[in-house]
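Q: Mapping the sequence shown onto this note's numbering, position 109 (from 1) lands on 194, and the numbers just tick up by one.
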Amino acid sequence: WGLNQDGQLGRETERQSDSCPGLVGEAGRTLEHVDGVDCGFSFSACVTQFQQLFVWGSDKEGQLGFGRPPEAESTLIPRREDIICYPQHLIAITEAKAIACGDHHMLLLTSEEPK
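#1: Which one of GLY152, LEU94 and THR98 has the shortest CA to CA distance from PHE126?
#2: Taking CYS124 as part of the beta strand (DSSP E), name the residues at either end of that continuous run.
#3: What did DSSP end up calling ASP144 once you bin it into helix, strand or coil?
#4: Which residue from SER129, VAL109 and ASP123 puts its Cα closest to that of TRP141?
#5: In whole angstroms, give me the CA-to-CA distance for GLN173 and GLU198.
#6: Are GLY152 and MET191 closer than 8 Å when you measure CB to CB?
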């Protein structure tokens with residue numbers, strides 16, 4: 086619960102904030118088997134028991150890990166596509182162990198071997 090103007094609650098709310106606890110995810114497709122969760126300033130992330138990483142909320146600074154096209158770096162105007170309202174699985178990340186989120190960044194502990 087709390088502010089949700091950037092989708093950081095991971096679910097739809099009627100207003101930009103919500104004072105009631107609720108499930109994270111879309112109707113009929115909520116997160117399960119969550120082993121760890123953390124939140125930044127306007128985004129959230131979790132690691133599941135299956136070592137998957139899910140992220141949602143603001144990606145205005147690239148903190149969700151989707152990558153950004155070079156032209157996006159030069160714009161000062163926030164774009165709506167920088168908002169991820171529901172948890173998205175980052176399939177490129179495997180063997181996720183733990184996460185830690187700062188205001189506008191995320192750290193991930195993984196058991197993957199360096200490439």
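For glycine and all other residues, C-beta sits at the position ideal for the given N, C-alpha and C.
Since the structure is predicted, the reported quantities are computational estimates derived from the model, not experimental observations.
A: In short, the structure shows the following:
#1: Taking the sequence shown and counting its residues from 1, one reaches residue 126 at position 41. Looking at GLY152, LEU94 and THR98, the one whose alpha-carbon comes closest to that of PHE126 is LEU94.
#2: Taking the sequence shown and counting its residues from 1, one reaches residue 124 at position 39. It spans 119-124 - the beta strand (DSSP E) in which CYS124 sits, taken as one unbroken run.
#3: By 1-based counting over the sequence shown, the position of residue 144 is 59. Coil, per DSSP.
#4: If you number the sequence shown from 1, residue 141 lands on position 56. For the set SER129, VAL109 and ASP123, the Cα lying nearest the Cα of TRP141 is the one of SER129.
#5: Against the sequence shown, residue 173 aligns to sequence position 88. Against the sequence shown, residue 198 aligns to sequence position 113. Cα to Cα, the separation comes out at about 24 Å.
#6: Your numbering for residue 152 matches position 67 in the sequence shown. Your numbering for residue 191 matches position 106 in the sequence shown. Taking 8 Å as the cut-off, the Cβ atoms of GLY152 and MET191 do not count as close.
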